[in-house]
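Encoded as structure tokens, the structure appears first; notes follow it.
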């Protein structure tokens, strides 16, 4: 069975949990506690020198990191990723947008909040919030004319963007003004096999 | 003919110039001067609400943004991107690494340097340099045992990582201690059809 090195609160890890659940792929989960520095141990660095979760490990020892690359890998050949070269490029465009222009603001402020680091980072907060809202506005503009991000159907693009958008409020981002985003969040939640970020999926194991 | 909205100094834009040149795809180039705020004009925001170059526009009006998504699009079906699902996932793993763990440090310090913003950002410099060297160490570790990043041959993965690594010194990153990276930089430079970041490629046009 494949094994997901996970962190319960991580939206990036949740992306993988959600897709694997929707695809019906069984997996083991290991909780790596970032707050205790467990991605920086020698043991973990042997698996990912870039000290991050999520990480997927196969029984034969192969390892894949980077949440959106993991999504792409498992979605190939399924309904969650188009075979069309142009739609694939659009999926990647939005996934790179998510990692460069969305996650470093929206996910990071949420992380500071639940890890108790908001006070020590307060001088950076205003800029983080501004840029997070920039990303939300880009999404809102797109969703005003589209039900989903690519090809008018649910795909890994939506999973990648849903993961941190739906919990943006936990970092203080008010989504009240983003009507199109809120309608899209509901559409994602209503997909067959949807699981929430706190749902107990996979088989939890120690390592 | 396709049109690349470019910024001469941008490594992200250079990735696209380099691949299009190696593929022999003709293209127009428009210089968008980031330093003069030209990505923030209404006219440009109509094309990319996320106010960034590079951007590729087709004669029929289609637009694609995000450098690594553009690389992936043009490389599909060519020798610059494997058809193998596992190798494709590894390509994406490294391209997301580049955008999340490499570019925000190595490219940003270089940008501060040539745009005259180093002094005003000096309180952030030490952390940017540390994280940039973290990324370089991850690359060095991989390249100690591999000639290229994926599948033992030159691909868009190498183009994505070459773009800002080979000019890291312009931001003050000393590459002297990275022997494997230096050997890889030479291998990339020796690929057929290689063009430098300052080479005059494409057809420069106004817009």
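Residue numbers (our numbering), protein chains in the order written: chain A, 274 to 480; chain B, 274 to 480. Positions of the beta carbon are idealized from the N, C-alpha and C atoms, including for glycine.
Contact of residue 393 of chain A with chain B by beta-carbon distance below 8 Å is absent, the smallest such distance being about 14 Å. By the criterion of a C-beta distance shorter than 6 Å, residue 435 of chain A is surrounded in its chain by 461, once the five residues flanking it on both sides are discounted.
For a Cβ distance threshold of 8 Å, nothing in chain B lies close to residue 332 of chain A: the least Cβ distance comes to about 15 Å. For residue 337 of chain A, the enclosing beta strand (DSSP E) covers residues 336-338. Contact between residue 281 of chain B and residue 304 of chain B is confirmed by a C-beta separation of about 6 Å, below the 8 Å threshold. In terms of CA proximity to residue 294 of chain A, A:474 leads the group A:474, A:369, A:440.
Runs of alpha helix (DSSP H) with 4 or more residues, each lying fully within the segment 301-327 of chain B, are found at 315-320, listed in chain order. No Cβ-Cβ contact shorter than 7 Å links residue 437 of chain A with residue 464 of chain A. Residue contact with chain B for residue 311 of chain A: absent (no Cβ-Cβ distance below 7 Å to any residue of chain B). Pairwise C-beta distances place the segment 367-385 of chain A in contact with the segment 438-445 of chain A, as three or more of them are shorter than 8 Å.
Counted as a single uninterrupted DSSP element, the alpha helix (DSSP H) harbouring residue 435 of chain B occupies residues 429-438. Taking 7 Å as the cut-off, the Cβ atoms of residue 454 of chain B and residue 413 of chain B count as close. For the segment 330-357 of chain B, the set of residues with a beta-carbon nearer than 7 Å to any beta-carbon of chain A comprises 337, 338, 339, 341, 342, 345, 346, 349, in chain order. Per DSSP, the continuous beta strand (DSSP E) segment holding residue 279 of chain A begins and ends at 275-279. Taking each of A:274, A:285, A:279 in turn and checking the Cα distance to residue 381 of chain A, the smallest one comes out for A:285. In the three-state DSSP reduction, residue 478 of chain A falls in the coil class, being neither helix nor strand.
The beta carbon of residue 433 of chain B lies closer than 8 Å to those of 288, 340, 341, 344, 367, 368, 371 in the same chain, with the five residues before and after it left out. Short of 7 Å from the beta carbon of residue 338 of chain A, and not among the five residues preceding or following it, lie these beta carbons of its own chain, in chain order: 321, 323, 325, 328. Around the beta carbon of residue 363 of chain A, a 10 Å sphere encloses 16 or more other beta carbons of the protein chains shown; the residue is thus reported as buried. Residues are counted here when their Cβ sits less than 8 Å from a Cβ of chain A; for the segment 442-462 of chain B the count is zero. No Cβ of chain B is located within less than 7 Å of the beta carbon of residue 327 of chain A. By the CB criterion at 7 Å, residue 353 of chain B and residue 409 of chain B fall outside the cutoff. For residue 411 of chain A, the residues of chain B that pass the 8 Å Cβ criterion are 322, 323, in the order they occur in the chain.
The bridge partners DSSP lists for residue 371 of chain A come to none. Looking at B:446, B:291, B:310, B:423, the one whose alpha-carbon comes closest to that of residue 365 of chain B is B:423. Membership of residue 454 of chain A in the alpha helix (DSSP H) is indicated by the continuous run 452-462.
Setting aside the 5 residues that flank it on each side, residue 399 of chain B has no residue in the same chain whose C-beta is closer than 6 Å to its C-beta.
Residue range 381-387 is occupied by the alpha helix (DSSP H) that includes residue 387 of chain A. With 16 or more other CB atoms across the displayed protein chains lying within 10 angstroms of its CB, residue 346 of chain A is buried.
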